[in-house]
Every structure is written in C-alpha cells, then in structure tokens.
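Below you'll find the structure, written out as structure tokens, and then a few comments.
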Amino acid sequence: MTKNTKTVIILLVIAALIAIVPLFALKGAEFGGSDDAGSEMISEIQGKEYEPWFTPVLETALGGELPGEIESLIFCLQTGIGVGIVAFVLGRFVERKKWQDKENGDSTSSK
Amino acid sequence: MSKKQKNLAVLASVFLMLLTIAPVSNAMHIMEGFLPVKYCILWGVICVPFLVIGFMNIKKVLGNDRRTLTVLALTGAFVFVLSSLKIPSVTGSCSHMTGTGLGAILFGPCVTSILGIIVLIFQAILLAHGGLTTLGANCFSMAIAGPIISWILYKLLQKANVNKRVCIFVAAFLGDLFTYCVTSFQLALAYPSEVGGIGASIAKFLGIFATTQLPLAVIEGILTVVIVIALETYAKDELSSLEF
Numbered sequence: 267m268t269k270n271t272k273t274v275i276i277l278l279v280i281a282a283l284i285a286i287v288p289l290f291a292l293k294g295a296e297f298g299g300s301d302d303a304g305s306e307m308i309s310e311i312q313g314k315e316y317e318p319w320f321t322p323v324l325e326t327a328l329g330g331e332l333p334g335e336i337e338s339l340i341f342c343l344q345t346g347i348g349v350g351i352v353a354f355v356l357g358r359f360v361e362r363k364k365w366q367d368k369e370n371g372d373s374t375s376s377k
Numbered sequence: 642m643s644k645k646q647k648n649l650a651v652l653a654s655v656f657l658m659l660l661t662i663a664p665v666s667n668a669m670h671i672m673e674g675f676l677p678v679k680y681c682i683l684w685g686v687i688c689v690p691f692l693v694i695g696f697m698n699i700k701k702v703l704g705n706d707r708r709t710l711t712v713l714a715l716t717g718a719f720v721f722v723l724s725s726l727k728i729p730s731v732t733g734s735c736s737h738m739t740g741t742g743l744g745a746i747l748f749g750p751c752v753t754s755i756l757g758i759i760v761l762i763f764q765a766i767l768l769a770h771g772g773l774t775t776l777g778a779n780c781f782s783m784a785i786a787g788p789i790i791s792w793i794l795y796k797l798l799q800k801a802n803v804n805k806r807v808c809i810f811v812a813a814f815l816g817d818l819f820t821y822c823v824t825s826f827q828l829a830l831a832y833p834s835e836v837g838g839i840g841a842s843i844a845k846f847l848g849i850f851a852t853t854q855l856p857l858a859v860i861e862g863i864l865t866v867v868i869v870i871a872l873e874t875y876a877k878d879e880l881s882s883l884e885f
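The listed protein sequences derive, respectively, from chains A and B. Under my numbering, the first residue of the first sequence is numbered 267, with each subsequent residue one higher. Under my numbering, the first residue of the second sequence is numbered 642, with each subsequent residue one higher.
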C-alpha cells in the first residue's frame, strides 16, 4: 500500500466516524425535523407566525408537499448523478495513467 | 423499580429532552418565501457579477486547455454529491455540506458560483429545498461567500508555506462554515430581534447553523483533501494547466 492510499483510507474512516457518531451518541434525537424548524426561529424572533409569501413551484404544481419517499428519491437521484460523474471521470484518469505508465515503460525499455 | 432507579430514569429523560429540544432544525438553505422581497432582489443582484465573471472564466479556462473540462465536471459533481448528503450532527439535527471548497481551490470562486447555482436550482425546483425566490441569497452564501473565503485562505496559507494538504483542509473547512455564517447573517438582516437588533438575531441563527455545521465542515475538509490527492495522483497534467 502506498503512503497516499493509507492517508486516504484513514481520512475516509475519520469522516465516516464523524458522520455516524452523533447518530449513536444522541439516541432519540429527531435528526432532520422539517423545514418548519428554521421558520420557528423566525416566528420566535418576530413574536408571530411567519407566512411565507411564496410557495415552492413544485408544491404549487402538486397541490401539497412533496411526499417524503419521493423527496428521498430525488435526493438519491442528485447523489447518483454526482457519484456517476465523479466515478466516470476518476475512472478515466486512472486508466489513462495506467496506459501512460505502460507507454513510458515501453519507450524507456526500447531505448 | 426502586426510587433511585426512578430518579435516574427521570434525570436521564430530562437530559435527553434537553439535548433534543436544543435547536432541532434543518440547518440548510433559506426556505422558499422566507426572505422579504427586497432582500431576495438585493442578494440576487449581488450574485449577478460573480456569475457573469464565472461564466467568462469557465470559457477562458476551457479555451486554454480543453482537457480541464473533465476536472470541471468532477468539481461540479462533487458539489452535487456533497450537497445531497444529509448528515446527522451533534446538535441532533441534520445538515449537508456544500462541496464548493474544491471548486474554489481549483478554479477560483467565480467559476464555483456557476457550479453552485446549478445545484441550487436543481434543489429549488425538484426538491422544494431552498427556493427560487431565495436563490440569490442561497447562491451568495453557498456559491460565492464560502468559496471566496476558501480561495483567499488557500492562497494565503500557501504563501505561508503551510503543508498543501493542511491548506486544502483549512480552506474547505472554513469555507463551508462561513457559508452558514453568511446564511445566519442573511436571516438576521431580514429578521432583527426586537431586543438587540440584528446582532442578537445573528447570535440566535449562528447558534443553530454554525454548531450543526461544525462537524460537517470537518468532513467536507477531509473529503476535499481526498479528492485532491486522487487528482494529484491521476490528473497531474490537468492540474498543472490550472496552475494548481
């Protein structure tokens, strides 16, 4: 294993731990709540209920809130698009480096 | 159950409730319709020059070396991924990262503003997350202010001869955190407290946003370093043509 690989693995483990620990440390916490929570703070400051003056386009079209499952679907879609592009580009880079290394190796050996 | 056990149970539940009550919120973009019209317009107008310069910069960078397109795509995709992952945080609520630090370090803050606004539009239209009316404000905090801080910090730390990976980590970390500080400021500006005015409101919003974001900003820093390590290993040519 190269030094870089080690660094990357250690870093990724740390990142995963930071993300997971709160889940176990704060059992029973809601983790997420709704979009109302931010507006609660506004209501608290203003001392009255705040009425948003514009509803999201999608909610107007649907005539209600986006169902939770569908929301997670679209979030997954967003992740999927991102991961797909990242994986595709990195995959190309990795393969290219292999070829370049090989060609360089050939040219040096033929000299 | 003995009395002692009962007391303990009560104490524990009170403790838990305190933890749960302490700001439970979605510390994310400003919701649709939650900023008064004049602020929506104000932030929108502020964003325009950055977006225009960003557009021209993208053209210039791609004109110099067409191959950097792949790195640009990767950077945009990185923003897509990171801003879609909602991660539990120490305050008992979820938030997501911005992922814009990478773009700022590689391409500069203006180009990043274009990448950021694509994600924000996607989320505003399809997810009712953030919003079209608050697009300007969210764009400014996530795709302009954060990246600017990342970019400045990266350049400064590099001048000071700090280890490159540490530079990247600090830049991405503070850029992410600053995004949410700006969000707090934007909300506070629109909703000053009766007692204490804007300052008191900033403190209140910061209490929610910044504390939730702190661990996530660390993760963002780490992931940015990982991606840069990958690019340094496999895409040296592209990085050198970006003068990275």
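Where a beta carbon is used, it is the ideal one built from N, C-alpha and C, also for glycine.
For I849 of chain B and V752 of chain B, the rounded distance between their alpha carbons: Rounded to whole angstroms, V752 of chain B to I849 of chain B spans 29 Å at the Cα level.
Query raised in the report: Would you say A676 of chain B and A812 of chain B are within 8 Å of each other, going by their C-beta atoms?
Result: The amino acid occupying residue 676 of chain B in the given sequence is Leu; Ala does not appear at that position. For L676 of chain B and A812 of chain B, no; Cβs fall outside 8 Å.
Would F719 of chain B pass as a contact of I860 of chain B if the rule is Cβ separation under 8 Å? no
Buried or exposed for K690 of chain B, please, with buried defined as at least 16 other CB atoms from any protein chain shown within 10 angstroms of its CB.
-> The residue asked about is misnamed: residue 690 of chain B is Pro in this sequence, not Lys. Answer is exposed; the Cβ neighbour count stays below 16.
### Query
What are the boundary residues of the beta strand (DSSP E) that includes I728 of chain B?
727–729
Note to self: Strictly under 8 Å for the Cβ-Cβ distance: is K845 of chain B near chain A by that measure?
What the structure shows: yes
Item to check | V866 of chain B versus N270 of chain A - alpha carbon distance | outcome: Distance between the alpha carbons of V866 of chain B and N270 of chain A: 11 Å.
*Between W792 of chain B and G749 of chain B, is the Cβ-Cβ spacing less than 8 Å?*
A Cβ-Cβ contact shorter than 8 Å links W792 of chain B with G749 of chain B.
- Message: Assuming L735 of chain B is part of the beta strand (DSSP E), what are its boundary residues?
- Response: Per the sequence shown, residue 735 of chain B should be read as Cys rather than Leu. First-last of the beta strand (DSSP E) with C735 of chain B: 735–737.
Do we get a CB-CB distance below 8 Å when we pair P322 of chain A with the residues of chain B?
-> yes
Alpha helix (DSSP H) runs contained entirely in the region 776–806 of chain B, provided each spans 4 or more residues
With a minimum length of 4 residues, the unbroken runs of alpha helix (DSSP H) contained wholly in the region 776–806 of chain B fall at 776–779, 787–800.
- prompt: Which whole-angstrom value is the C-beta distance of F814 of chain B and L828 of chain B, which I expect to be below 8 Å?
  reply: F814 of chain B to L828 of chain B, Cβ: 22 Å. No contact.
Can you tell me where the alpha helix (DSSP H) with E873 of chain B in it begins and where it stops?
838–875
For H737 of chain B and L713 of chain B, what's the separation of their Cα atoms in angstroms?
22 Å
Notebook entry, point to check: In the structure shown, what three-state DSSP assignment does E369 of chain A receive?
Noted result: helix
**Item:** Own chain residues within Cβ distance below 8 Å of D878 of chain B, not counting five before or after
**Value:** If we look at D878 of chain B and ignore the five residues flanking it on each side, its Cβ neighbours are R708.
Next on the checklist: Using the three-state DSSP reduction, which class does S666 of chain B fall into: helix, strand or coil?
Outcome noted: The predicted model places S666 of chain B with a pLDDT of 39, which falls under 50 and marks its position as unreliable; any figure quoted below should be read in that light. Coil at S666 of chain B, not helix or strand.
Does the pairing of the region 803–810 of chain B with the region 362–369 of chain A give three or more beta-carbon distances under 8 Å?
no
> So which of B:Y875, B:E873, B:S734, B:L864 has the shortest CA-CA distance to V722 of chain B?
Replying inline: B:L864
Taking the alpha helix (DSSP H) that M610 of chain B falls in, what are its first and last residues? In the structure as shown, chain B starts at 642 and stops at 885, and residue 610 of chain B therefore has no counterpart that could be examined.
Looking at the strands, I want to know which residues DSSP matches up with S834 of chain B. B:G838
- request: Would you mind stating whether Q854 of chain B and L818 of chain B have Cβ atoms separated by less than 8 Å?
  value: yes
Out of B:T741, B:G862, B:E873, which has the shortest C-alpha to C-alpha gap to F781 of chain B? If you compare the alpha carbons of B:T741, B:G862, B:E873 with that of F781 of chain B, the shortest gap goes to B:T741.
Quiz item: At which residues does the alpha helix (DSSP H) containing G329 of chain A begin and terminate?
Solution: Neither: G329 of chain A is in no alpha helix (DSSP H) and is coded neither H nor E.
(request) Examine chain A for any beta-carbon lying closer than 8 Å to the beta-carbon of A745 of chain B, and answer yes or no. (result) no
Self-check item: Residue burial classification, Q344 of chain A (beta-carbon count within 10 angstroms, cutoff 16)
Solution: buried
Practice item. Using the Cα positions of L715 of chain B and E317 of chain A, report the straight-line distance between them to the nearest angstrom. Key: Here the alpha carbon of L715 of chain B sits roughly 39 Å from the alpha carbon of E317 of chain A.
| task | Determine, using beta carbons only, whether Y832 of chain B and A851 of chain B come nearer to each other than 8 Å. | result | no
- prompt: Are the C-beta of E335 of chain A and some C-beta of chain B separated by less than 8 Å?
  reply: With 8 Å as the cut-off, E335 of chain A does not count as an interface residue toward chain B.
Between K272 of chain A and chain B, is any beta-carbon pair separated by less than 8 Å? no
Cβ-based burial, N667 of chain B [other Cβ within 10 Å; buried from 16] = Unreliable placement is indicated for N667 of chain B, whose pLDDT of 46 sits below 50; no coordinate value is reported for it.
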